[in-house]
Amino acid sequence: MIVDETRVKLPTNIYINANHVSSGPNGINFIAAEGPSGATANEFWTMTFSQNIETIIMLCQCIESDDIKCFQYFPVSDRKTLESFDIKTIDYHEIIFRHDGKEAKIVERKFQVTNL
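Take a look at the structure:
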């Protein structure tokens, strides 16, 4: 749910489904945002660029149980060019956890983002 007082305002005045969140006076401040669609991926990168975001934590996979959950807004390898941004993968790590026959994976990617 977007709260007008804390919503992220883009320099282009285009709406994005994202809010500034604070965990208290001495806590961490972050932005909670909905995963972008193909139509809003450029605005997502506009937000990360204009807000000087250094870390993105994605809590879903792009596809889960054959359902699209989030547009592939980042390059899996090499690079992806959108309307206003070139996103290049500069590092990639996969960590796989196994316990009691179950498996979980964490993927860390580092990008170089250029505003075109």
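Read in order, the letters of the sequence shown correspond to residues 1 to 116 in full-length UniProt numbering.
In this text, a Cβ means the ideal position worked out from N, Cα and C, and glycines have one as well.
| Near residue 106, what residues of its chain come up, given a Cβ to Cβ distance below 6 Å and the 5 sequence neighbours on each side ignored? | For residue 106, the CB contacts under 6 Å within the same chain, skipping 5 residues up- and downstream, are 95 in chain order.
| Nearest-angstrom Cα distance between residue 42 and residue 97? | 33 Å
| task | Report the partner residues of residue 117 according to the DSSP bridge assignment. | result | Outside the shown range of the chain, which is 1 to 116, sits residue 117, and nothing can be said about it.
| task | Since I believe residue 49 is in contact with residue 87 (beta carbons under 8 Å), could you give me their beta-carbon distance rounded to a whole number of angstroms? | result | That pair is no contact at about 10 Å.
| message | For residue 47, count the other beta carbons within 10 Å of its own beta carbon; 16 or more makes it buried, fewer makes it exposed. Which is it? | response | Residue 47 comes out buried.
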